[in-house]
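Have a look at the structure below, then the notes.
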Amino acid sequence: MYEYKFVKIDLKGILPPKSPVEDYHKIIEENAIEGWRLVQIFAPVVSAGPFAAYYELIFEKEKI
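Each number in our numbering corresponds to the 1-based position in the sequence shown with 13 added.
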């Protein structure tokens with residue numbers, strides 16, 4: 014059995030491509046130290062265009 018963790022990263026900027034507000038590399042490394050494994054980076058698009066509204070990092074780890 015696994016448990017999951019979702020981390021939302023907002024994007025900044027007026028025009029696309031927008032930049033992440035936080036360093037997602039650092040977030041991935043910090044969670045890996047805590048035993049979380051990155052499963053997916055989800056980037057849902059804005060309804061008005063083909064650009065991501067935000068990033069969502071999905072982590073999993075085995076329940077003990």
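Ideal Cβ placement from N, Cα and C applies to all residues, glycine included.
Every value quoted in this text rests on a predicted model; they were computed, and no experiment measured them.
Measure the CB-CB distance between residue i and residue j and report whether it falls below 9 angstroms.
i: Tyr-15; j: Glu-75; result: yes
Taking buried to mean at least 16 other C-beta atoms within 10 Å of its own C-beta, is residue i buried or exposed?
i: Phe-6; result: A query on residue 6 cannot be resolved here, the shown segment of the chain reaching from 14 to 77 and no further.
i: Phe-72; result: buried
Among the options, which residue has its Cα nearest to the Cα of residue i?
i: Ile-77; options: Gly-48, Phe-55, Asp-23 and Ile-54; result: Gly-48
i: Tyr-17; options: Gln-53, Val-59, Ala-61 and Gly-62; result: Gln-53
i: Val-34; options: Ile-22, Glu-43, Ala-61 and Leu-51; result: Ile-22
Among residues of its own chain, excluding the 5 on either side of residue i, which ones have a beta-carbon nearer than 7 angstroms to its beta-carbon?
i: Ala-2; result: Outside the displayed span of the chain (14 to 77) sits residue 2, for which this structure offers no information.
i: Leu-51; result: Ile-41, Leu-70 and Phe-72
Report all residues from its chain with a CB closer than 6 angstroms to the CB of residue i; omit the five preceding and five following residues, and keep chain order.
i: Ser-32; result: Lys-25 and Gly-26
_Which runs of the beta strand (DSSP E) at least 3 residues long sit entirely within the stretch 23 to 74? Give them in chain order._
50 to 55
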